[in-house]
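One structure below.
In full-length UniProt numbering, the protein residues as written are 1 to 142.
Spelled out as structure tokens, the structure:
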């Protein structure tokens, strides 16, 4: 499974990658430092016919943030089949609303290994159930 992870904090990248790999060491990761880089990587992956199986999106990033990326992804049919999850430290009502509006799951970041292991397990369980029952849909669709 290929995961495209938009996260600007290098320590968070290392922590979450390590936790995900403890659950499944066959996962492949590509990291984007911001929303612009994520959208650029997606366009290249689309040209190479190698789209990711999952996008993990932080909301608070420089240049183009996760909120704008969600809106862009929802408008672009090329990416409509890619499952997206929000993984952020934000707990703003607006961000929970955004999660519901775009129909993507919302996960709160944890900074301990134990918390990280729990949230990564939840994300993988969501992804596997999503893959098994495509009726759940991806961004903005059901």
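For each residue, glycine too, the CB sits at the ideal point set by N, CA and C.
(request) Spell out a yes or no on whether the region 42-49 and the region 118-128 are touching, meaning 3 or more CB-CB pairs, one atom from each, closer than 8 Å. (result) no
(request) Could you work out which residue in 115, 2, 132 and 100 is closest to residue 12 when comparing CA atoms only? (result) For this step, residue 12 is matched to residue 12 along the chain shown. Of 115, 2, 132 and 100, the residue nearest in Cα terms is 115.
(message) If I follow the unbroken beta strand (DSSP E) through residue 84, where does it start and stop?
(response) On the chain shown, residue 84 is found 84 positions in, with the first residue counted as 1. Per DSSP, residue 84 belongs to the beta strand (DSSP E) from 84-88.
(request) State the Cα-Cα distance for the pair residue 40 and residue 112, rounded to the nearest angstrom. (result) Translated into the one-based positions of the chain shown, residue 40 becomes position 40. Translated into the one-based positions of the chain shown, residue 112 becomes position 112. A straight line joining the alpha-carbon of residue 40 with that of residue 112 spans about 31 Å.
(request) Let me know if residue 10 comes out buried or exposed under the rule of 16 or more other beta-carbons within 10 Å of its beta-carbon. (result) Numbered from 1 along the chain shown, position 10 holds the residue referred to as residue 10. Its Cβ having fewer than 16 others within 10 Å, residue 10 is exposed.
(request) State the DSSP-derived secondary structure class of residue 33, mapped to helix, strand or coil. (result) Sequence index remark: in the chain shown, residue 33 carries index 33 (1-based). Three-state result, residue 33: coil.
(message) Excluding the 5 residues flanking residue 15 on each side, which residues of the same chain have their C-beta closer than 8 Å to its C-beta?
(response) By one-based count along the chain shown, residue 15 stands at place 15. If we look at residue 15 and ignore the five residues flanking it on each side, its Cβ neighbours are 111, 113 and 116.
(message) What does the alpha-carbon distance come out to for the pair residue 2 and residue 18?
(response) Working through the chain shown from its first residue, we reach residue 2 at position 2. Working through the chain shown from its first residue, we reach residue 18 at position 18. Each residue's CA atom was taken as its position, placing residue 2 and residue 18 some 15 Å apart.
(request) Can you tell me which of 119, 53, 94 and 108 puts its alpha carbon nearest to the alpha carbon of residue 27? (result) As a first step, residue 27 must be located in the chain shown, where it is residue number 27. Closest by alpha carbon: 53.
(request) Go through the region 11-65 residue by residue and report every complete run of the alpha helix (DSSP H) that reaches 4 residues or more, in order. (result) 35-47
(request) Classify residue 70 as helix, strand or coil using the three-state DSSP reduction. (result) On the chain shown, residue 70 is found 70 positions in, with the first residue counted as 1. DSSP places residue 70 in helix when its eight states are reduced to three.
(request) Taking all protein chains shown into account, decide if residue 7 is buried (16 or more other Cβ within 10 angstroms of its Cβ) or exposed. (result) Position 7 of the chain shown, counted from the first residue, corresponds to residue 7. It is buried - the Cβ of residue 7 has at least 16 other Cβ atoms within 10 Å.
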